[in-house]
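In the working numbering, the protein residues as written are -12 to 401.
The C-beta atom is built at its ideal place from N, Cα and C for all residues, glycine as well.
All values derive from a computational prediction rather than experimental measurement.
Heads up: the structure comes next, in structure tokens.
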Amino acid sequence: MKKNFVRFALFVLIFMVLVVLAYKFLSGQTAAPYGQTLDQSSYSVSAVGFTLFYEYLKAEKRPIHRSLVGESWKPAANQLAISPEPVMSILKSKNLSQAPLLLVILPKYNYEPDPKKPNWLLEAKLKKNQALTPVLNALDLKKATFLYAPNPDWWPTKYKLYPTINSPVQLIKEPSLSPLISCPDGVLLGERRQGDKRLLILSDPDILNNHGLRQGLNLPLAMSILDDILPKNGEIIFDEPRFGTHKPATQASGQKSSLFEWPSGQQLLLYAVFLATAIMAILADDSRFGLPAAEDVKIDFGRQKLIENSARLLGKSGKPKDLTWDYLALIIKMAAKAARLPKGLTDQEIKNRLEKLDPKFSLKSLLNEIERAPKPSPGLCLQWANRAYEWKARLERGFETGRGNNQGHPGGSQ
């Protein structure tokens, strides 16, 4: 009963460790890169997101803040608000559209999530006829039109740098925008000043997104633009919204409860760990569980029982031949002492002299027989031990009763 309780406690401990490891693994797989500020979506860490730009600004020790959709904040004059997805952010945040300094990055693609990885992007397709009218109306850009140029020839700019953008380049035409970066076909980066407000429109996101920021001179160009428009000691408000594929928590009473939804693969893993450990804990309380109990070795009295007990103990040792060699070395030492062989002889010299003392027994033959047996049985090892012991006993008796007549005595005719 005590052993079963120990096994049960051990399995409970294993279960707790597995649960902790599973939790760490799953939380590491599902945690959002910026969960402390945003319920992150997949697109913000894909080729069309802006995480790389955000991380670079943060690494440069720029005062930057990632805001949530609908977060209540009042724009200040020293703040640059960046809206990388105006369809989601401008229309949901009135404060953002009223920011004194606002950079709007217009969308260019339709996003298709990967069905095998719901939190990742499978494909981004060019989206020419975008429903941006509500956004343009909110920004008072009602006359804006879009066009696409395969390889535009950029006009010289004050930044002295030119963008590298995947063809075709999405450009905008709007009378109220003054071009900062443009070409004969249209404007890539334009600005509009109205009183103390300044609005900047970046018509193609491929300068700043994760895929394009590393191309050509886009990164130094982006930093030059930022340094040009950011006020002294200014703060950057990076308003990255939740994207369309994000599934918010179900709160409405009419929605399907998660109780009736098929568990995810991560949940199934946890359930499997719990079930397996519970089964092991139940089996641990069963006396039939685990390795069979070791059979106790019975020790009886009598000469025959002594031989049987010795053979059984040799078998339990797992190395009967090694034990036989050790025992035989002891027998040889005792025989040499009984024969009063001089000290300083080598092992081989001792064996050679002992070989001549008993004509009924050959020590050399016994040693050769043991040497030739690769894996002797415990019974055979016991036979060797008995033969050696009887040989040693005869030598001791012979030296005690007839030392003067024993031709094998070291003091005899040798």
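One alpha carbon belongs to Met267, the other to Leu109, and they sit about 42 Å apart. Pro71 is not a Cβ neighbour of Pro87, given a cutoff of 8 Å.
One Cα belongs to Leu(-3), the other to Thr264, and the distance between them is close to 11 Å.
Excluding the 5 residues flanking it on each side, Ala372 has same chain C-beta neighbours closer than 7 Å at Thr311 and Tyr314, in chain order. DSSP places Lys104 outside both helix and strand once states are collapsed to three, so it counts as coil. Taking 8 Å as the cut-off, the Cβ atoms of Gly177 and Ile194 do not count as close. By the neighbour-count criterion, in which a residue is buried when 16 or more other Cβ atoms sit within 10 angstroms of its Cβ, Gln66 is buried. Tyr96 sits in a strand when the DSSP states are folded into three classes. The beta carbon of Pro218 sits closer than 6 Å to the beta carbons of Asn65 from its chain, once the five residues preceding and following it are set aside; these are given in chain order. For Arg359, the secondary structure class from DSSP, reduced to helix, strand or coil, is helix. As for any alpha helix (DSSP H) of minimum length 4 sitting wholly inside the region 168 to 224, the runs are 205 to 216, ordered along the chain.
Taking a C-beta distance under 8 Å as the contact criterion, Thr120 and Leu204 do not qualify as a contact pair. In this structure, Asn196 and Phe37 form a Cβ contact; the two beta carbons are roughly 6 Å apart against a cut-off of 8 Å. Within the same chain, and ignoring the five residues on either side of His52 in sequence, the residues whose Cβ sits closer than 6 Å to its Cβ are Ile224. Pro143 counts as exposed, since fewer than 16 other beta carbons sit within 10 angstroms of its beta carbon. The C-alpha of Ser169 lies about 9 Å from the C-alpha of Asp140.
Nearest neighbour of Pro307 by Cα position, chosen from Pro365, Ile212, Ala125 and Leu187, turns out to be Pro365.
At the C-beta level, Asp345 and Leu317 stay beyond 8 Å of one another. Here Leu134 is bridged, per DSSP, to Leu158. Under the criterion of beta carbons closer than 8 Å, Pro207 and Leu93 do not qualify as touching, at roughly 22 Å. Ile337 has its alpha-carbon roughly 10 Å from the corresponding atom of Gly331.
Leaving aside the five residues that flank Glu99 on each side, the residues in its chain whose CB is nearer than 6 Å to its CB run, in chain order, Leu109 and Glu110.
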